[in-house]
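Residue numbering for the sequence shown follows UniProt numbering, starting at 1 and increasing by one per position.
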Amino acid sequence: MSLVGDAAALQGIDAANVSAWLAMNVAGAVAPFSFDLIAGGRSNLTFRVTGADGTRYVLRRPPVGLVLATAHDMAREHRLISAMGQTNVPVPACLGLCTDPAVNGADFYIMAYVDGVVLDTPDRAAAIAMPLRRQISENLVDVLADLHAVDVDAVGLGNLAKREGYIERQVKRWSAQWAASKTFEISAVDEVAAYMQSHVPVQQGVSIAHGDYRLGNCLTNTSTGAIAAVLDWELCTLGDPLADVGYLGVWWSDGPGSANTSTDVTQAGGFLTYAEVVDRYARRTGRDVSQVDFYVAFGCWRLAVINAGVYARYLGGAMGEKLDDATLDDMKYRTKGLAEKALAATQRLR
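So this is what it looks like as structure tokens:
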């Protein structure tokens, strides 16, 4: 992972207070500690922490500045990852949670550092042997199927959220966030929301829905093809498992929601096609995937709303780094493109 180690990278870390907390609350942690912002995150801030003995950890905290109250719940994210640690879904070990704002100005939690590569660009994927790319994508689907098979009550997540009406709840939530954070208008966002409210498929059971499942949110062992850890659980809830399957169609180069941008990892070739992804998932889970296009539309629409919120936070200086005008304009352009992809997907369903 690319690391930023200059002074600006430490925005969001009170090094003295956090160091003292780590030494007292994380077993085996040895001061002094160094902190590096892991570049690439555009939501919660993620830092690599290195102890005096060389042991590495990961610290997660909300963006600095004013943020939407429900969007960055560190205790909830810590709870989710801790619960997943009881299953065969690969996650980092959770090592501590701080809910005292006097320490660092906001809640944060500590995880073990997991070695692996975040496959978030075609260039990174191109460095992997071609036969291994197919295996990686198969493993990605299999881990998702395993996640959706987790007994939510057995791992203590039965009360995480309401079990039914996932899409209805999500449309309501993200419509409200769009209204609260938008800095420009996109008519397609409102059109898609109206369509989804009146065309919700019957929910096929209740699963843990990750909410942002893709290769770019996993650590991959590029020697074996295994998924070493699933990351970024901030959007996770109980809900319709097919939402995660549709969301992969936003990030797969031949998926119906793909914008074929520089972040479409599977452009490098050798991976499953999106149709093969959906088919493998259906065979692993036995679920009916005939309505997957609806979930692709939902994934594009929700990501457009999320991106609009991130764009607004960058404008307000709340993300720990500044972006130039060209990058901000590109973010705005991609947000509009996602909304148009969502609208096109709903039109195919009509």
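No residue lacks a Cβ here, since even glycine has one placed at the ideal position from N, Cα and C.
These figures come from a predicted structure and were not determined experimentally.
DSSP beta-bridge partners for Ala112?
-> On the sequence shown, residue 112 is found 112 positions in, with the first residue counted as 1. In the DSSP output, where bridge partners are listed per residue, Ala112 has Tyr57.
Nearest-angstrom Cα distance between Gln291 and Ser19?
-> The count along the sequence shown starts at 1 and reaches residue 291 at position 291. The count along the sequence shown starts at 1 and reaches residue 19 at position 19. One C-alpha to the other measures close to 50 Å.
Is Ser258 helix, strand or coil when you go by DSSP?
-> The residue you call residue 258 lines up with position 258 of the sequence shown. It is coil, neither helix nor strand.
Using beta-carbon positions only, say whether Arg60 and Asn44 come within less than 7 Å of one another.
-> Sequence index remark: in the sequence shown, residue 60 carries index 60 (1-based). Sequence index remark: in the sequence shown, residue 44 carries index 44 (1-based). Taking 7 Å as the Cβ cut-off, Arg60 and Asn44 qualify as a contacting pair.
Whose C-beta lies closer than 6 Å to the C-beta of Met84 among residues of the same chain, with five residues either side of it excluded?
-> For this step, residue 84 is matched to residue 84 along the sequence shown. Excluding sequence neighbours, Met84 sits near Val91.
Spell out the partners DSSP gives Leu22 in its beta bridges.
-> Here residue 22 corresponds to residue number 22 of the sequence shown, with the count starting at 1. Its beta-bridge partners do not exist; DSSP assigns none.
Closest by CA to His228, which one among Val118, Cys94 and Gly257?
-> Taking the first residue of the sequence shown as position 1, residue 228 is located at position 228. At residue 228 the sequence reads Ala, which differs from the His that was named. Measuring from the Cα of Ala228, the nearest candidate turns out to be Val118.
Closer than 8 Å by C-beta to Thr261: which residues in its own chain qualify, once you throw out the five before and the five after it? Chain order, please.
-> Position 261 of the sequence shown, counting from 1, holds the residue named residue 261. If we look at Thr261 and ignore the five residues flanking it on each side, its Cβ neighbours are Arg334.
Could you tell me whether the stretch 169-182 touches the stretch 301-309, where touching means 3 or more Cβ pairs closer than 8 Å?
-> yes
Which whole-angstrom value is the C-beta distance of Gly246 and Phe298, which I expect to be below 8 Å?
-> On the sequence shown, position 246 is the one that residue 246 refers to. On the sequence shown, position 298 is the one that residue 298 refers to. Rounded, the Cβ-Cβ distance is 6 Å, consistent with contact.
If you scan the stretch 182-242 from start to end, which runs of the beta strand (DSSP E) of 3 or more residues do you find wholly inside it?
-> 207-209, 218-220, 227-230 and 237-239
Whole-angstrom distance between Pro241 and Ile208, CA atom to CA atom = Start at 1 with the first residue of the sequence shown, and residue 208 comes out as number 208. Start at 1 with the first residue of the sequence shown, and residue 241 comes out as number 241. Near 7 Å, if we compare the C-alpha coordinates of Pro241 and Ile208.
Local conformation of Arg48 per DSSP, three classes = In the sequence shown, residue 48 corresponds to position 48, counting from 1. Three-state result, Arg48: strand.
Candidates Ile128, Gly28 and Glu185, of which the one nearest Val305 by Cα = On the sequence shown, position 305 is the one that residue 305 refers to. Among Ile128, Gly28 and Glu185, the Cα nearest to that of Val305 is on Glu185.
What beta strand (DSSP E) runs, 3 residues minimum, are completely inside the stretch 130-192?
-> none
State the DSSP-derived secondary structure class of Val117, mapped to helix, strand or coil.
-> One-based indexing of the sequence shown puts residue 117 at position 117. Strand at Val117.
How should Asn159 be labelled, buried or exposed, when 16 other C-beta atoms within 10 angstroms of its C-beta is the threshold for buried?
-> Locating residue 159 in the sequence shown gives position 159, counting from the first residue. Counting Cβ neighbours within 10 Å, Asn159 comes out exposed, since fewer than 16 surround it.
Look up Asp36 in the DSSP assignment and say whether it is helix, strand or coil.
-> Residue mapping note: residue 36 aligns to position 36 of the sequence shown, counting from 1. The answer is strand: DSSP assigns Asp36 an E or B state.
Pick out whichever of Ala226, Leu343, Thr46 and Asp151 has its Cα sitting closest to the Cα of Gln86.
-> Indexing the sequence shown from 1 puts residue 86 at position 86. Comparing Cα positions, the closest option is Asp151.
For Arg214, the nearest candidate out of Leu140, Ala15, Pro101 and Pro122 (CA to CA) | Numbered from its first residue, the sequence shown carries residue 214 at position 214. With distances taken between Cα atoms, Arg214 lies closest to Leu140.
Could you tell me whether the Cβ atoms of Cys98 and His78 are closer together than 7 Å?
-> Working through the sequence shown from its first residue, we reach residue 98 at position 98. Working through the sequence shown from its first residue, we reach residue 78 at position 78. Going by C-beta atoms, Cys98 is not nearer than 7 Å to His78.
Grab the span of the beta strand (DSSP E) containing Leu95 for me, first residue to last.
-> Counted from its first residue, the sequence shown places residue 95 at position 95. Element bounds for Leu95: Cys94 to Cys98.
Return the first residue and the last residue of the alpha helix (DSSP H) that Thr263 is part of.
-> Indexing the sequence shown from 1 puts residue 263 at position 263. Counting along the chain, Thr263 falls outside any alpha helix (DSSP H), and DSSP gives it neither H nor E.
With 16 other CB atoms within 10 Å as the buried threshold, where does Ala125 fall?
-> Your numbering for residue 125 matches position 125 in the sequence shown. Its Cβ being crowded by 16 or more others within 10 Å, Ala125 is buried.
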